[in-house]
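Chains L and D are the protein sequences, given in the same order.
What the first sequence shows, in the numbering used here, is residues 1 to 146, in sequence order.
What the second sequence shows, in the numbering used here, is residues 147 to 292, in sequence order.
By construction, the Cβ of each residue, glycine as well, lies at the ideal position given by its N, Cα and C atoms.
Number of protein chains: 2
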Amino acid sequence: MKSPNAILWQGCPARYAAGIFGDKWCFLILRDVLLHGKRSYSDFLNSPEGISTNILADRLSKLEAAGMLDRQVDPRKASRVCYFPTRKARNVLPALISMMVWSTQYDEHTEAPDSFAKAFKADPSGTIAWYEADIDRVDRDILSQS
Amino acid sequence: MKSPNAILWQGCPARYAAGIFGDKWCFLILRDVLLHGKRSYSDFLNSPEGISTNILADRLSKLEAAGMLDRQVDPRKASRVCYFPTRKARNVLPALISMMVWSTQYDEHTEAPDSFAKAFKADPSGTIAWYEADIDRVDRDILSQS
DNA sequence: AAATATATCTTGCAATATGCAAGTGTAATG
DNA sequence: CATTACACTTGCATATTGCAAGATATATTT
C-alpha cells in the first residue's frame with residue numbers, strides 16, 4: 001500500500017523531468033536515439049558506455065511506457081525490433097542540446113568541437129530543425145522498406 | 147585498479163551531463179538552489195520529495211566536488227552552512243528551464259501555469275536573467291550580513 | 001549551568017539496482 | 001537442416017541506495 005504522503009513524480013516540472021532524465025542510462029539511450037540515429041537493441045548495446053543487457057531491456061521498456069519510444073517490428077526484417085523516438089522524445093532536443101552545450105563549456109576533456117555550441121547559440125531553432133531532419137531521414141529510410 | 151576500458155564520464159557532452167544530471171536527487175537539489183532560493187542543508191531536507199539525510203550529505207559533497215556548489219559558513223550564524231550555486235551551476239539554468247518547459251507540456255498533472263512556458267518561449271534570455279537576479283538577491287542578502 | 005533545540009553529518013542495515021554469464025525463442029541465412 | 005543473428009530473460013553475486021537512528025557541535029532558552 002502506498003503511503004498517503006508518497007510524492008508522485010508529477011506536478012512539479014523539475015520533478016517530472018527528474019523522473020525521466022534522472023537516470024544516466026535513460027539519458028544515454030535518448031542521446032543515441034535522438035542524435036546518433038540508433039534504433040535497435042544491438043545499436044544501443046554497442047554504445048561505448050557498455051550498458052548490460054538486463055538494464056537495457058529495462059530502460060527500453062520504461063522509455064516506451066513513458067511515451068518516449070515507439071517499439072515496432074523492423075519492416076526490413078521481422079526478427080528485428082526498432083525503437084523510434086516519439087514526438088514527446090523529439091521535443092526534448094532543445095533541453096538535451098542545451099545540456100550538451102553546457103557540458104562542452106565545463107568539461108575540460110570534451111570531444112565536442114567549438115562549432116557545436118556556436119551553431120546552437122547562433123541559431124537554436126535552426127540547429128534543432130537540422131537534428132529533426134536527421135531523425136526523419138533515419139526513420140524514413142527504415143519505414144520505406146516495408 | 148581501474149579497467150583500461152573503463153569509460154570516463156567525460157568527453158562526450160551527453161555523457162558528461164548524465165554524470166551530473168543523471169541522478170534525480172542532484173537534479174532536485176539544483177532546482178532548489180537555482181529556482182527556490184534554498185541554500186542550507188535543512189532547506190534542502192525540507193523539500194517535499196523527502197530526501198534522507200545521508201543521501202543529502204552525499205549529493206551536496208558530490209555537487210561541491212563537481213564545482214556546482216560553493217560551501218561556506220553562514221556569516222549570520224557560524225553553526226550554519228550555506229551552499230551557493232557557482233557560475234557553472236547558474237549556467238545550467240537554460241537547460242533546466244528547457245526541461246521544465248518540456249515537462250509542463252507532457253505532464254498531465256503539472257502544477258506549473260501556462261505563463262511559465264510562455265514567458266520562456268517569448269523571451270528566453272530575459273527569463274534567465276530574471277532567475278539570475280533572484281539568485282543574486284538571495285546570495286546578497288546572506289553575504290551582506292557578515 | 002543545565003536542558004532543549006537546531007544544523008550537519010555518520011553509521012548500520014535492509015532493500016534495490018547493477019553487471020556478468022548463460023540460456024531461450026524466433027527468424028533469417030548458408 | 002544446421003548455423004547464425006537478434007532481442008531478450010533468468011539467475012546470481014556484488015555494488016549502490018535509502019531509511020531510521022545515532023552522533024556531534026553549536027546556539028538558545030530556562
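Contact of Glu111 (chain L) with chain D is assigned, a C-beta pair being separated by under 7 Å. Scanning its chain for C-beta atoms nearer than 7 Å, with the 5 sequence neighbours on each side dropped, one finds around Arg217 (chain D) the residues Glu210, Val227 and Tyr229, in chain order. The C-alpha of Ala78 (chain L) is placed about 19 Å away from the C-alpha of Phe44 (chain L).
At a cut-off of 7 Å between beta-carbon atoms, Val138 (chain L) makes no contact with chain D. When C-beta atoms of the segment 156-167 of chain D are compared with those of the segment 90-109 of chain L, three or more pairs fall below 8 Å, so the two segments count as touching. Chain D has no Cβ within less than 7 Å of the Cβ of Ala122 (chain L).
Annotation for Phe266 (chain D): Ile243, Val247 and Thr273 place their beta carbon closer than 6 Å to its own, counting only its chain and skipping 5 residues before and after. A check of alpha carbon separations from Leu69 (chain L) across L:Gly22, L:Arg140 and L:Arg87 identifies L:Arg87 as the nearest. Exclusion of the five residues before and after Gly37 (chain L) leaves Val138 as the residues of its chain whose Cβ lies within less than 6 Å of its Cβ. Within chain L, the residues placing a beta-carbon under 9 Å from that of Gly168 (chain D) are Phe21, Gly22, Asp23, Lys24, Trp25, Cys26, Phe27 and Leu28, ordered along the chain. Counting only runs of 3 or more residues that sit fully inside the segment 213-258 of chain D, the beta strand (DSSP E) segments are 215-219 and 227-231, in chain order. In the structure shown, Asp123 (chain L) adopts coil according to DSSP, grouped into three states. Closest by C-alpha distance to Tyr162 (chain D), out of L:Asp141, L:Arg140 and L:Gln105, is L:Gln105. The Cβ of Ser244 (chain D) sits closer than 7 Å to at least one Cβ of chain L. Ala212 (chain D) places its beta carbon 7 Å or farther from that of Phe27 (chain L). Interface flag for Pro240 (chain D) against chain L is set, since a Cβ pair is found closer than 7 Å.
In the DSSP assignment, Asp169 (chain D) forms a beta bridge with L:Asp23.
Taking 7 Å as the CB threshold, Asp253 (chain D) lines the interface with chain L. Just so you know, the alpha carbons of Ala258 (chain D) and Ala112 (chain L) end up roughly 34 Å apart. Ser249 (chain D) has a beta carbon lying within less than 7 Å of a beta carbon in chain L. The three-state secondary structure of Ile142 (chain L), taken from DSSP, is helix. Restricting attention to L:Thr110, L:Pro124, L:Trp25 and L:Pro85, the CA atom closest to the CA of Leu56 (chain L) is found in L:Trp25.
In this model, Leu143 (chain L) and Arg76 (chain L) are separated by some 8 Å (Cα to Cα). CA-to-CA, the gap between Arg59 (chain L) and Ala235 (chain D) works out to about 28 Å.
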